[in-house]
Structures are given as C-alpha cells and as structure tokens.
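In short: position in the sequence shown from 1, add 509, done, that's the numbering used here.
Written below as structure tokens is the structure these notes are about.
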Amino acid sequence: MKKAVLILLAMVFIASCKNPAGPPIKYPETKKGLIMDNYYGTEIVDPYRWLEDDMSEETATWVKAQNKVTYSYLDRIPYRDQIKKRLMAMWNYEKFSAPFKEGDYTYFYKNDGLQDQFVVYRQKDGGEPEVFIDPNKFSADGTTSLSTLSFSKDGSLAAYAISEGGSDWRKIIVMDALNKEIIGDTIKDVKFSDLSWRGNDGFYYSSYDKPEGSELSAKTDQHKLYYHKLGTSQDEDLLIFGDNQKRRYVGGSVTEDDRYLIITAAISTTGNELYIKDLTKENSELVTIAANFENEHYVIDNEGSKLFIVTNLDAPNRKIVTVDANDPGIENWKDFLPETENVLTPSTGAGYFFAHYLEDAISKVIQYNKEGEMIREIKLPGVGSASGFSAKEEDKTVYFSFANYITPGTIYALDPETGTSEVYKKPDVDFSSEDYVSKQVFYESKDGTEIPMIITHRKDIGLDGNTPTLLYGYGGFNISVTPSFSITNALWLEMGGIYAVPNIRGGGEYGEEWHLAGTKMNKQNVFDDFIAAGEYLIENNYTSSDYLAVRGGSNGGLLVGAVMTQRPDLMKVALPAVGVLDMLRYHTFTAGAGWAYDYGTSEESEEMFTYLLDYSPVHNVEEGTEYPATLITTGDHDDRVVPAHSFKFAAELQDKQAGDNPVLIRIETKAGHGAGTPVSKIVEQYADIFGFTLYSMGVEKI
C-alpha cells in the first residue's frame, strides 16, 4: 500500500466521549395523529401513520426537512470529504464478471472503475471486445440499472430488464442480439421475475397486477407467470399460472434442453410447490411434483426425462434426489446426493455437479458426475467463500470466484476434467491484504448456543478496547452471511477499524434448523446472538461500548432497531438501513405478507401479536432513554421495505431521545432497496455513514 495514500486513524478522542461540540440539532416538527388500532383488546396508538402515505405532499415536505437537517449535520464532519476521496480512489479499479457463452459470442460484465453501472461486453473468437449494453446510458444520473439479461438458446435474441430509480418494478426490452437492435414493444409492470426463453419464439416472466394507488407501498400478493410470444403485444401474453392459485411468489424456467417448463410457487419466502409441463407435447398438462409449502424444492438439471431436484424435505441441510418426469411425485424420489452435516448449495456445469458445502460458513466444493460418483474436492485458494461453478452442459471451462474479508474477489478458470484451475481475472486493488488478519472465533449466546464470528482488522492494532468497531449482522430468511470482500469494508479496515460478522440464528449457515431457531416465536434468539457478539468484542478488549457501532440492512435493519432499543447501552452508534421496523404493520405493504414465515403477523394470533409488540422497534422507543447516535438510511423508491418503516422509527426516536446523541435519517432520492444503486451514490452514502460513525465516537481527525 502506498504510504502517500494511507489513511490511518490518529485517534484523538474527546475525553468525555460525548457528541462533538456544535450547535444543538433542531429536528423538524413531526405532527402526531390520533390513529389507534385495536389488537385483541389492546389499543395501540400509531401517531405517525400519515408518514405511510408516500404520495402525499405532506410526507414529501417532511422528507425534505429531514434531509436538510441530516446533511447540515453531516457537513460538520471535518474529514467527510477525505473519506469520500479515499473511497473513490480505492474504488477506481477494473472489475470483471466471469465470462459466459451465448451463441457465437462470449459475454462479460465490466466496470472501468467508477462507472455507475457495469457495462455488458462481448467478443467473438478472441477478437476485440465491443459494448453490447451500456446501462450508464439509460439515464443521465445513473439511477436506471440493468437487472436481468437472458438469451435465447442459440444466442440470437436477448431480453433484458431495467429498474428505474431502484424500484423493484421492471421493464423488459427485447433485442436482436446479432445487430443489437431493439425489437417489439417494451413489457411493463414486471416485478420479482426471471426471464426464461422457450426456443426463439418467446419467454416466460412473472409479475403482479399493477396496484391501485401507490405502486411503492400498495399490497401485492398474487404473483402470476406469463408467456410472451415475440411479435405480439403484452396484453396478448398468455397467463400460465396464478389465475386461480393465489401465490405471492411464482417463477418459471425452461430446462436447458428446452424440454420442460418448471414452475415454483410460494406463499412466503420459505417453502414452495413445484410443477412441471412437458413442452414437447402440445397442450400438455401442468403436473404437480410437490405440493408442500413447508419445504423447498427446485429442479437443478435434467437428463432426458430424469429430473435432478434439490430439496430440504426430510433433509434440513438439503440433498439432491432424482425422479422420472413421467411420474414425478415425492413418493418416487430417490436420493442422488444424500444430506450431510453441512448445508448444500449445488450448481451444474460441463456435465458435472458441483456440491458447495458450508463448514462453519466457510466454502468447501466437491465435484460429482451424473452417476453421483465423487470426482474430487476442488482445491480452493484459501479459507473463504467460493461462488459460481455454473456453466452450460457443453462448456469446457467452469468459472468460479473466491474472496474473503481481506482478499478481493478473484475469478478462476477450472478445467473440470483435470480439476486444475488458474487465475482468470485478478483485480488490482489498492489494498495490502498481508497487513490484515481475519480470524474466526466462537462465542456463547444467552441460551448457551455456540455462534461463529469472523473478526477482521489490521495486524498492528492493539487490543486495548479503544478501537472503532463495526458489528454487522443479518439473521433471517435462511440467508447465509459468508466471507466477502468489499471496498467500503476495506476502507474501514484501512482507517484502523475492526469489522466483525457473527453468523447468528435465522440465517442458513447451518441449515433449516438454524433458520427456524430465529423465526417467529424464536426471533429473540437472533437479537440475543447479536448482543452476545457485541459483549464478546467488549469483554475481549477489541472495543468498548464507546467505540462500538452496529449495522444491518433490511432484515438486518430490524436486527439493529431491536437491539438498539433493547440494549441502548451496548453501542455508541446504530446504523439501521432500509429496515423492517414496524412489526405490527409490515405485512400490509407490497409483498411484506410473504415474510410471515419468518416473522409471523399481528393478525394471526394474540400470542404472535404480543411477541411482535415486545420487540417491534417502532413500538419500543421509550421516553427519556438515551439511545446511541443513530443514522437511519433508506430510499424514497424502496418498494420492498417501504420507507415508512424508517420514517416512523426516526420520528419516534427524535421525539423521545434523551441526551445529546443525534438521531438522523438520510433519505436517498431515486433509490430503492439497494440493487442497482449507482457507484456515485454508494460512495457518498458510505462517506456519510463512516464519517457519522467516527464523529459520533469522538474522533476529531483521521
């Protein structure tokens, strides 16, 4: 690392560890309404219900006023621009995706460094790369992004989806891939959808009926699968599934050999039905493979009529089974790759299966042939996370990437016949990995459960309890948080901070049992695990409550909101991002009801209502409590976790906060839940987050 660009913390702290000197914050006045709901005889006042109306001028005025106060405060931070400049310098390196073959061309994504969006390139037979799609030209401000790109089997046609302003609602555009000309009409109002071609005739996609009123917050709970035939208008699209079956999430995909249409249908984020339709037979019926919402099943591959299905039915850590498509019922399933003690996430490529296992959230990959025989364990470059291992049946090379918290993501080319791999693309990042250490520890949660956590920091940091530490968590929806590299975290480490990530319950690191241990009436386990992680860091002198910050987004935003209201003394800074914060009403917005498998709802029973009320962040802000310095972040176009959650939480905290710690909300305009956010906005956001965090901890300069 070049010393000229090193940013090391000169830890000059204000002795009192209170808020840096400056004029007191005058928060915008947030009016209180008299709306009250009755739950099983309990009256719950909702004074800020009016902030749920994202279409009202009154809400828009409140947003502008809050942002004015927030940015006025952030402007006080003397090193905010310094952080931004360094982050931009670190971010400015070429980034590539793994290549993939479509027709006669090889495609890949590339970002020159600070481009807001990745550009899709292609090249033919080793020729010079040419731009295929440049999303940076979609909009002047970079807020329109490319979300999905799908090619017909011969590569002559492509369909791609765009997101405007970070919204989950998409538009689909079809183009002749050979001459790059747009053909046909744009398909509108598409949401939560893959694109899957059937030959060259058309493709399948999913969406909801456009809601009345606000498309950002109105409830959407009946997903439908359509088939679009090229050369026809969208209103002629054929409804395949979802007319008589009310499902919140429906997806359709065509097998690589164009033989079968596979449909998944779910009423929540966990568990799904599975259907199959034989596309080689005219007017063939839709056949049920599994009608079980309690378990997950999907077809990963087929060999003629032989289906390979990934399932967690009677296998919480997942397994692969086989069955004949002509009689695919669960009673006929046969184990192909049986369940093991580690969680399985398989992929296919070049005629092989690659079984990706997690051992304490660390990757292990084993290659199998289609007879289920083990070929080899893939040698990985180190301890961390491997991803990829996906390719077409006829491909001769399989690509994968490897990263951990101090190793930038590197792409490797694997020869599946010999098992040898070599570096395909290694990023040139201005970050000296050898100066840092990343280690896994295990600690006990409140109930004695052992939780793994990876702690990363500079090797020369002394463990004296005075180091700014960022504790990140998620803990939900069966999602595994595995070691990864990000420039923003690299900057935090370079500035002398500690970054800690526990694998708390609710995630998928140890399979469905680990997930269920953090859902519904077990949700408090998630918060206890995270609190115990903070206590471990303090007890072992990594940090102290004066220098601990907690951060999480979406379900992780709920985590931060719950923990900061339960244990405000534990941390100095709280950073809830796009959080689910009103647990009594989350299910009334957009597709929120689909999260009920993890959360339960206030409507299902008095017991569930009481449990949710006990930890709902919006409802547990108490008058006269000194809460940590808080920077809430959200996007005004977030139609997944609507910004009203963050608005109401900010209003409650500002009204009831005791002490001098600031409570601010940063509302990004023309931004959604996070996907597709332009690089320029990400850099500004993290300069604000890191600046706010260090400033709140009393750091005078860096």
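Each residue gets a CB set at the ideal place from its N, CA and C atoms; glycine is no exception.
Cut-off 8 Å between Cβ atoms - residues of its own chain near residue i, not counting five sequence neighbours on either side
i: D590; result: A1196
i: V495; result: The question about residue 495 has no answer, for the chain in this structure spans 510 to 1211.
i: K888; result: G928, S930
i: Y602; result: G622, P936, D937, V938, D939
i: Q743; result: D694, I696, K697, H737
i: V763; result: S705, W706, R707, Y713, Y769, L770, I771, L788
Alpha helix (DSSP H) segment containing residue i, residue limits
i: N1064; result: 1064 to 1075
i: D650; result: Looking at the DSSP string, D650 is not in any alpha helix (DSSP H), and its letter there is neither H nor E.
i: S1205; result: 1188 to 1205
i: F1036; result: 1033 to 1048
i: A667; result: Looking at the DSSP string, A667 is not in any alpha helix (DSSP H); the run it does join, the beta strand (DSSP E), is 666 to 673.
i: T997; result: 996 to 1003
i: E1021; result: 1021 to 1025
Neighbourhood of residue i by C-beta distance below 6 Å, restricted to the same chain and skipping five residues each side
i: A670; result: S656, T657, R679, I681
i: D474; result: Since the displayed the chain opens at 510 and closes at 1211, residue 474 lies outside it and no answer follows.
i: G1027; result: G984, R1014, G1015, N1034, V1035
i: T1202; result: A1058, V1082
i: A667; result: F660, M684, A686
i: N620; result: K604, F627
i: M1030; result: Y1120
i: K541; result: P556
i: K512; result: The predicted position of K512 is uncertain, since its pLDDT is 35 and thus under 50; a value taken from the coordinates is nonetheless stated next. None.
Residue j beta carbon less than 8 Å from that of residue i
i: V1082; j: S995; result: no
i: I809; j: I829; result: yes
i: T729; j: Y717; result: yes
i: I1007; j: T1052; result: yes
i: I895; j: Y877; result: Note that residue 895 is Ala in the sequence shown, not Ile. Contact flag unset, no.
i: L1067; j: L1093; result: no
i: S1063; j: Y548; result: no
i: V629; j: F641; result: yes
i: P992; j: M962; result: no
i: R1060; j: V1072; result: no
i: V1151; j: L1090; result: no
i: N898; j: S872; result: Sequence inspection shows Phe at residue 898; the Asn mentioned does not correspond to that position. In this structure, S872 does not lie closer than 8 Å to F898 by Cβ.
i: D1107; j: F986; result: yes
i: P837; j: V796; result: yes
i: G1043; j: L1000; result: no
i: I1212; j: M1004; result: There is simply no residue 1212 to check, as the chain begins at 510 and stops at 1211 in what is shown.
i: Y557; j: A1160; result: yes
i: G651; j: P1187; result: yes
i: Y460; j: G1101; result: Residue 460 cannot be examined here, being either before or after the span of the chain that is shown, 510 to 1211.
i: A1009; j: I1040; result: no
i: Y1136; j: P1077; result: yes
i: F701; j: Y784; result: no
Counterpart residues of residue i in DSSP-defined beta bridges
i: I706; result: In the sequence under discussion, the amino acid at residue 706 is Trp, which differs from the Ile named in the question. Bridge partners of W706: F712.
i: H732; result: Y717
i: V819; result: Y807, I829
i: K577; result: None; K577 has no bridge partner.
i: V1059; result: L980, A1083
i: S896; result: S910
i: Q1166; result: T1134
i: F605; result: K619
i: V572; result: The partner list for V572 (beta bridge, DSSP) is empty, contrary to what the question assumes.
i: Y614; result: E611
i: W1104; result: According to DSSP, W1104 bridges with nothing at all.
i: T797; result: Y784
i: D685; result: L666, E690
Close-in-space but distant-in-sequence residues of the same chain around residue i (CB under 7 Å, 5 per side omitted)
i: G860; result: K879, E902
i: K815; result: T831, D833
i: D767; result: K662, R707, G708, L788
i: E1131; result: K1165
i: V1192; result: K593, L596, M597, W600
i: A824; result: E848
Limits of the unbroken beta strand (DSSP E) element including residue i
i: R595; result: Run containing R595: none in the beta strand (DSSP E); it sits in the alpha helix (DSSP H), 589 to 600.
i: L655; result: 653 to 660
i: E552; result: 551 to 554
i: L788; result: Here L788 belongs to no beta strand (DSSP E), and DSSP marks it neither H nor E.
i: E639; result: 639 to 642
i: M564; result: From DSSP, M564 is part of no beta strand (DSSP E); its letter is neither H nor E.
Could you tell me which uninterrupted beta strand (DSSP E) segments, each at least 3 residues in length, are contained entirely in the segment 930 to 971, listed from first to last along the chain?
Taken in chain order, the unbroken stretches of beta strand (DSSP E) that lie wholly in the segment 930 to 971 and span 3 residues or more are 930 to 934, 945 to 953, 959 to 967.
Would you list, in sequence order, the uninterrupted beta strand (DSSP E) runs of no fewer than 3 residues that lie entirely inside the segment 1125 to 1162?
Runs found: 1138 to 1144.
Quick one: which unbroken beta strand (DSSP E) runs of 3-plus residues sit fully inside the segment 741 to 784? Chain order, please.
Those beta strand (DSSP E) runs which fall completely within the segment 741 to 784 and span 3+ residues are 747 to 750, 758 to 763, 769 to 775.
With a floor of 3 residues, list each beta strand (DSSP E) that falls wholly inside the segment 822 to 882, ordered by position along the chain.
If we require 3 residues or more, the beta strand (DSSP E) runs fully inside the segment 822 to 882 come out as 828 to 833, 843 to 846, 852 to 858, 861 to 868, 871 to 877.
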